[in-house]
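In what follows, a structure is listed as structure tokens, so that the remarks can point back to it.
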Amino acid sequence: MSSPPADPYLPQTATEAAEDRWHDVDRNVRRMDEQFDASFHAWLRNEANVWVSAGYLQRLAAEYPAERTARALAWLADGWSVHSTAALARVVTLRW
């Protein structure tokens, strides 16, 4: 009897589970979509939602190390216009 295929969104090793799972923002957001039957990925990546996303991320940024916040911002703004990227960075870092 063969084992079921590995879930590509789940960590494959104990080391990955313990240390690296937060690095892949895209994988984690897609996993949330599956888990909650939602469309977080499409909504977050939509540049038209920059002001709402920035407001939420401003609050979250205070709870996480700068490295994690920077990785999330880079993922989110990838492919966005300079104007939207600057607006996102400005709002998220407003209280730093």
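Our numbering applies: residue 12 is where the sequence shown begins, and numbers increase by one. In this text, a Cβ means the ideal position worked out from N, Cα and C, and glycines have one as well.
Return helix, strand or coil for residue i, following the three-state DSSP convention.
| i | result |
| --- | --- |
| Asn57 | coil |
| Gly66 | helix |
| Asp44 | helix |
| Arg82 | helix |
| Ala49 | coil |
| His34 | coil |
| Ala73 | coil |
Considering only C-alpha positions, which residue in the set the options is nearest to residue i?
| i | options | result |
| --- | --- | --- |
| Arg70 | Leu105, Asp37 and Arg42 | Leu105 |
| Ala59 | Asp44, Ser92 and Trp107 | Ser92 |
| Leu99 | His52, Asp44, Arg42 and Arg56 | Arg56 |
| Val102 | Leu87, Ala73, Glu74 and Gly66 | Gly66 |
| Val61 | Leu87, Arg41 and Trp107 | Leu87 |
| Glu74 | Asp35, Trp107, His94 and Gly90 | Trp107 |
How would you call residue i, buried or exposed, if buried means at least 16 neighbouring beta carbons within 10 angstroms?
| i | result |
| --- | --- |
| Val63 | exposed |
| Ala72 | buried |
How far does the alpha helix (DSSP H) with residue i in it reach, from first residue to last?
| i | result |
| --- | --- |
| Arg101 | Val93 to Val103 |
Strictly under 7 Å for the Cβ-Cβ distance: is residue i near chain C by that measure?
| i | result |
| --- | --- |
| Arg70 | Checking the listed chains, one finds no chain C in this structure; it contains a single protein chain. |
* Asked: How do the segment 43-52 and the segment 80-87 stand: do at least 3 beta-carbon pairs fall below 8 Å, yes or no?
  -> no
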